[in-house]
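Chemist: Below is one structure. I have some questions about it.
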Amino acid sequence: MGRKLLLDKAHIENIRYYDVYRANGGYESAEKALKMTPELVLDEVKKSGLRGRGGAGFPTGMKWSFIAKPEGVPRYLVCNADESEPGTFKDRYLMEFLPHLLIEGLLISSYTLGANSCYIYIRGEYAWIPDILEEAIADAKKNGWLGKNIQGTGFDLEIYVQRGAGAYICGEETALIESLEGKRGNPRIKPPFPAIKGLWDCPTVVNNVETLAAIVPILRIGGEEYAKYGTGKSTGTKLISACGNINKPGVYEIEMNISVEEFIYSEEYCGGIANGKRLKACIPGGSSVPIVPANLLLKTAKGETRMMTYESLSDGGFATGTMMGSGGFIVLDEDQCIVKNTLTFARFYHHESCGQCSPCREGTGWMERVLKNIEKGKGKMSDIDLLWDIQRKIEGNTICPLGDAAAWPVAAAIRHFRDEFEWHVLNPEESQVRNFGLAHYADPLEIAAPAAV
Amino acid sequence: MFSEAKLNKVKEIIARYPQGKQKSALLPVLHLAQEEFGGWLSAETMDYVASLLQITPIEVYEVATFYSMFNMKPVGKYVFEVCHTGPCMLRGSDNIVDYIKKKLDINVGETTKDGLFTLKTVECLGACGYAPMMQLGKHFREHLTPERVDEIINECRVNAN
Chain A
68 MGRKLLLDKA
78 HIENIRYYDV
88 YRANGGYESA
98 EKALKMTPEL
108 VLDEVKKSGL
118 RGRGGAGFPT
128 GMKWSFIAKP
138 EGVPRYLVCN
148 ADESEPGTFK
158 DRYLMEFLPH
168 LLIEGLLISS
178 YTLGANSCYI
188 YIRGEYAWIP
198 DILEEAIADA
208 KKNGWLGKNI
218 QGTGFDLEIY
228 VQRGAGAYIC
238 GEETALIESL
248 EGKRGNPRIK
258 PPFPAIKGLW
268 DCPTVVNNVE
278 TLAAIVPILR
288 IGGEEYAKYG
298 TGKSTGTKLI
308 SACGNINKPG
318 VYEIEMNISV
328 EEFIYSEEYC
338 GGIANGKRLK
348 ACIPGGSSVP
358 IVPANLLLKT
368 AKGETRMMTY
378 ESLSDGGFAT
388 GTMMGSGGFI
398 VLDEDQCIVK
408 NTLTFARFYH
418 HESCGQCSPC
428 REGTGWMERV
438 LKNIEKGKGK
448 MSDIDLLWDI
458 QRKIEGNTIC
468 PLGDAAAWPV
478 AAAIRHFRDE
488 FEWHVLNPEE
498 SQVRNFGLAH
508 YADPLEIAAP
518 AAV
Chain B
9 MFSEAKLNKV
19 KEIIARYPQG
29 KQKSALLPVL
39 HLAQEEFGGW
49 LSAETMDYVA
59 SLLQITPIEV
69 YEVATFYSMF
79 NMKPVGKYVF
89 EVCHTGPCML
99 RGSDNIVDYI
109 KKKLDINVGE
119 TTKDGLFTLK
129 TVECLGACGY
139 APMMQLGKHF
149 REHLTPERVD
159 EIINECRVNA
169 N
C-alpha cells in the first residue's frame with residue numbers, strides 16, 4: 068500500500084464532521100502553525116517542495132513569497148475550487164468528504180500570508196458542496212478556529228464560499244478574480260501578477276484546493292519529511308482522478324514514486340482496462356495535456372519505465388511525452404475513436420473560450436468544425452494539415468493558457484494518431500460504422516495484451 | 009421581488025465583501041434570482057438584480073450571458089443536463105442522450121410540451137469517474153443507464169404531481 072498524507076483518514080466514518088476530525092488529530096497542524104511565526108511556516112512549505120496541484124505545478128512556497136506586503140492594504144487568499152478540467156474530480160472528493168482538512172489548510176495558509184479574508188471559489192455545478200463547506204466553516208468558527216482572535220493569537224480570519232456559474236475559464240487565476248469581483252471571467256494580462264494586484268487590486272494568492280489541503284500534512288510531519296515522499300522534484304503525494312475505460316474509476320492518492328503501469332494495472336488503483344480490452348491511449352493530466360499512445364505511456368522514448376511524477380510524465384517533451392497536469396487521468400481502450408475524442412475536447416474549448424483573443428475565439432470553433440467533418444466522414448486529407456496549422460497559430464498567441472490548452476490535444480492527436488485521421492478521410496463510410504482500433508499503438512508492450520480469459 | 013428572507017440573504021452575501029464591492033455579490037444573487045423566478049433570468053429579473061446591487065443593468069446582462077448556468081429563456085421544470093465531454097463520451101454518454109431524446113420525444117435544447125422536461129448537453133461537470141452522468145437541479149445523477157434514466161423520469165413525474 069502506498070503511503071497517504073491527504074486521504075489517510077478518509078475511511079473514518081463521519082470524518083466530515085468537526086468532532087470526528089478533531090478527535091483524529093484534526094487542527095493539530097493549525098495549533099502548531101499558530102505557535103510559529105509566519106516566516107517559519109513559509110520555510111516549512113518551501114522545504115516541502117510542494118508544487119501547485121491545479122495543473123501548472125509551480126512551487127507553492129515561492130508563489131507565497133512573492134506576495135506584496137504594502138502597509139495598510141489587505142491581502143487575500145483565494146482557494147481555487149473551480150475544478151473544471153475534463154477528467155478532473157479530485158477537489159470535489161476533498162471538499163465533500165474532508166471539508167475540515169481544507170479549512171485547516173486555509174487557516175494555516177492565511178496565517179502565513181497575513182490574509183484575514185479567504186474566499187473559496189467553487190464551480191457552480193457543485194451546487195451541494197457549499198452547504199457542506201459552510202456547515203464545516205460554522206463548526207470551525209464555533210470551536211475557535213475562525214473568527215476573531217483565533218486561539219488567543221490575535222489573528223482574525225473569515226472564510227467565505229462563492230459559487231461560480233459554469234465557466235471553465237474561471238479556473239485561470241485572473242479570470243477567477245474577475246469573476247469573484249462580479250464580472251465576466253476574462254483573464255487579465257500579466258503582469259501585474261495577483262501577488263501584487265489581485266482581488267480588488269490587493270495582493271492575492273490563488274491556490275488549488277489540493278495544494279491548500281497539502282499544507283496540513285506538511286505542518287504535521289515537517290517540510291523536510293514531506294519532501295522525502297515522492298521522487299526528485301515531485302515531492303509528496305498527488306491525488307489522481309482516474310476515469311475512462313478502466314475497471315475502477317475514482318480518486319486515488321499516490322505517492323509520486325510508482326510507475327504508470329502499476330497505476331493502471333494494479334488492483335490497488337485502476338484495476339486494469341475494463342471488459343478485458345487492451346489499452347490504446349491515455350491523457351494522464353486532464354484534457355489539456357497531450358494524449359499519448361500506449362507504447363509511449365508505459366515507457367519513455369528512451370525505453371525507461373514511465374513514472375507517475377511531474378518529470379517522468381513530461382520526459383521527451385511534447386514529441387513523446389505528456390504532463391502530470393491536474394491529475395485527471397483519462398484512459399482509452401482499443402475500441403475508442405481518437406478523432407471523436409479529440410472532437411469532444413475541441414468542442415469543449417470552443418464552448419469555454421472567453422472570446423477575448425481572436426486566435427482562441429476563432430481558432431477553437433474552426434478546429435471543432437474541421438474535426439466534426441472528419442469525424443462524420445466528410446473530411447479531406449488537407450483538413451489534417453489545416454488542423455495542424457490552426458493549432459500552431461493559437462498556441463502562445465493568447466492572453467491566458469486556454470489557447471494552449473485547446474491546441475495541445477489536437478496537436479498530440481495528430482502527432483501520434485495521424486494514420487487514424489487519414490483512415491477516417493479515406494474510409495468515410497466504414498468510419499461511420501466501426502472504429503480504427505489499435506494498429507501499432509499497443510505494441511510492443513506485452514502488458515497491453517488482453518487480460519487472460 | 010424577493011421575499012424579506014431572500015432580501016436578508018442578499019444583505020448577508022453583500023456583507024462578505026469590503027465596503028463598496030457589492031458588485032462581487034452578482035453571481036450569488038443571480039443564482040438566488042434564477043431559483044426564485046422560475047429557473048431563468050428575464051430582463052426584468054436582471055434589472056431588479058442591478059437595482060439591488062446598485063450597478064447598471066448592462067453589468068448584469070454581460071455577466072448573465074457569459075456563464076452557462078444562467079438560462080436566458082424559460083426552461084422546463086426539470087432540466088436534464090447530460091455531460092458529453094470526452095470522459096463521459098468514452099463511457100457511452102451518446103447513448104444516454106439518444107435514449108432520453110426518444111423517451112421524451114424531444115431534441116437537445118427542447119422542452120416537452122407539458123413543460124416538465126428540458127434536455128441539454130453540457131460540457132464536463134467534474135464527475136468523470138462516475139460517468140455517464142447528468143446534473144438535475146442541485147445534484148448529480150451518476151452511473152446512468154437507460155433503466156436509471158427511466159427511474160429518474162418517473163421520479164420527476166411523481167414529484168411534479
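Here the protein sequences come in this chain order: A and B.
Using this note's numbering, read the first sequence as starting at 68 and increasing by one per residue.
Using this note's numbering, read the second sequence as starting at 9 and increasing by one per residue.
Beta carbons are placed, not taken as given, at the ideal position from N, Cα and C, and that holds for glycine.
So which residues on chain A does F78/B lean against when the C-beta distance must stay under 7 Å?
Modeler: Here residue 78/B corresponds to residue number 70 of the second sequence, with the count starting at 1. Under the 7 Å cutoff, chain A gives A232.
Chemist: Give the list of continuous alpha helix (DSSP H) stretches no shorter than 4 residues that lie fully inside the segment 347-415 of chain A.
Modeler: Listed in chain order, they are 361-364, 377-380 and 384-387.
Chemist: What do you get for Q62/B, buried or exposed, if any count of 16 or more other CB atoms within 10 angstroms of its CB means buried?
Modeler: Locating residue 62/B in the second sequence gives position 54, counting from the first residue. Its Cβ having fewer than 16 others within 10 Å, Q62/B is exposed.
Chemist: Our contact map puts N253/A next to Y188/A with C-beta atoms below 8 Å; I'd like the distance itself, whole angstroms only.
Modeler: To locate residue 253/A, count along the first sequence from 1; it is residue 186. To locate residue 188/A, count along the first sequence from 1; it is residue 121. 15 Å between Cβ atoms; not a contact.
Chemist: Just verifying my parser: in three-state terms, what is the DSSP assignment at N162/B?
Modeler: What you label residue 162/B is simply residue 154 of the second sequence in a count that begins at 1. Helix, per DSSP.
Chemist: Using the beta-carbon of each residue, which ones in chain A are nearer than 7 Å to P95/B?
Modeler: On the second sequence, position 87 is the one that residue 95/B refers to. Simply P153, G154, C310, G311 and I397.
Chemist: Examine the Cβ distances between the segment 135-151 of chain A and the segment 366-381 of chain A and report whether three or more of them are shorter than 8 Å.
Modeler: Because the criterion of three Cβ pairs below 8 Å is not met, the segment 135-151 of chain A and the segment 366-381 of chain A do not touch.
Chemist: Closest to E401/A by C-alpha separation, out of I170/A, G343/A and L380/A, would be which residue?
Modeler: Along the first sequence, one-based indexing puts residue 401/A at 334. Considering only alpha carbons, the answer is G343/A.
Chemist: Which of the residues in the segment 114-138 of chain B, read from start to end, lie with their CB under 9 Å from any CB of chain A?
Modeler: Answer in chain order: V130, E131, C132, L133, G134, A135, C136, G137 and Y138.
Chemist: Let's see if you can read the secondary structure: which residues bound the beta strand (DSSP E) around E225/A?
Modeler: What you label residue 225/A is simply residue 158 of the first sequence in a count that begins at 1. Element bounds for E225/A: E225 to R230.
Chemist: Within 8 Å (strictly less), CB to CB, does Q458/A reach chain B?
Modeler: If you number the first sequence from 1, residue 458/A lands on position 391. No, because no Cβ of chain B sits closer than 8 Å to the Cβ of Q458/A.
Chemist: Residues of chain D with CB closer than 7 Å to the CB of W267/A, please, in chain order.
Modeler: Looking for chain D here will not work: the only protein chains present are A and B.
Chemist: Buried or exposed for G28/B, please, with buried defined as at least 16 other CB atoms from any protein chain shown within 10 angstroms of its CB.
Modeler: Here residue 28/B is taken as the residue at index 20 of the second sequence, counted from 1. The residue is exposed, with fewer than 16 neighbouring Cβ atoms inside 10 Å.
Chemist: Quick check: what's the CA-CA separation for T5/B versus E89/B?
Modeler: Summary: the structure shown does not reach residue 5/B, with chain B confined to residues 9 through 169, and so no result is reported for it.
Chemist: Between which residues of its own chain and N115/B is the CB-CB distance below 7 Å, once the five residues before and five after are set aside?
Modeler: For the purposes of this step, residue 115/B is taken as the residue at position 107 of the second sequence. If we look at N115/B and ignore the five residues flanking it on each side, its Cβ neighbours are K109.
Chemist: Which value, in whole angstroms, describes the spacing of the CA atoms of T241/A and L247/A?
Modeler: As a first step, residue 241/A is located in the first sequence; it is residue number 174 there, counting from the start. As a first step, residue 247/A is located in the first sequence; it is residue number 180 there, counting from the start. The alpha-carbon atoms of T241/A and L247/A are separated by roughly 10 Å.
Chemist: Judging by CA-CA distance, which residue of P197/A, I256/A and S177/A is the nearest neighbour of V530/A?
Modeler: Look at the range of chain A in this structure, 68 to 520, and you will see that residue 530/A is not part of it.
Chemist: Taking the alpha helix (DSSP H) that Q499/A belongs to, which residues open and close that run?
Modeler: Within the first sequence, numbered from 1, the residue matching residue 499/A stands at position 432. Taken as a continuous stretch (DSSP letters only), the alpha helix (DSSP H) holding Q499/A covers E497 to V500.
Chemist: Can you give me, in chain order, the residues of the segment 50-76 of chain B that have a beta carbon less than 7 Å from any beta carbon in chain A?
Modeler: Going along the segment 50-76 of chain B in chain order, one finds E70, V71, F74, Y75 and S76 with a Cβ nearer than 7 Å to chain A.
Chemist: Between E131/B, A135/B and E20/B, which lies nearest to P36/B when the distance is taken from Cα to Cα?
Modeler: The residue labelled residue 36/B in the question sits at position 28 within the second sequence. Nearest option by C-alpha distance: E20/B.
Chemist: Where do the ends of the alpha helix (DSSP H) carrying S425/A lie?
Modeler: Reading the first sequence from its first residue, position 358 is the one you call residue 425/A. Unbroken alpha helix (DSSP H) run through S425/A: S425 to E442.
Chemist: Using 10 angstroms around the beta-carbon of K347/A, count the other beta-carbons present and answer buried if the total reaches 16, otherwise exposed.
Modeler: The count along the first sequence starts at 1 and reaches residue 347/A at position 280. So K347/A counts as buried.
Chemist: Could you work out which residue in L109/A, E328/A, R345/A and S381/A is closest to G352/A when comparing CA atoms only?
Modeler: Mapped onto the first sequence, residue 352/A falls at position 285. Closest option to G352/A, Cα to Cα, is S381/A.
Chemist: Just to confirm the assignment: which complete beta strand (DSSP E) runs, minimum length 3, are found wholly within the segment 188-276 of chain A?
Modeler: If we require 3 residues or more, the beta strand (DSSP E) runs fully inside the segment 188-276 of chain A come out as 225-230 and 271-275.
Chemist: Name the residue from N275/A, I79/A, S115/A and E496/A whose alpha carbon lies nearest to the alpha carbon of Y296/A.
Modeler: Residue mapping note: residue 296/A aligns to position 229 of the first sequence, counting from 1. If we check each option's Cα against that of Y296/A, S115/A comes out closest.
Chemist: Going by CA-CA distance only, name the one from K447/A, E378/A, L410/A and E322/A that's closest to T93/B.
Modeler: Within the second sequence, the letter at position 85 stands for residue 93/B. For T93/B, the nearest C-alpha among the options comes from L410/A.
Chemist: When the cut-off is 8 Å and only beta carbons count, does A242/A lie next to chain B?
Modeler: Along the first sequence, read from residue 1 onward, the residue named residue 242/A stands at position 175. Not an interface residue.
Chemist: What three-state label does DSSP hand I12/A in the structure shown?
Modeler: The shown model of chain A, from 68 to 520, leaves out residue 12/A, and the question about it has no answer.
Chemist: Quick one: give me the first and last residue of the beta strand (DSSP E) that A148/A is part of.
Modeler: Residue 148/A sits at position 81 when you count from the first residue of the first sequence. Here the beta strand (DSSP E) through A148/A covers Y143 to A148.
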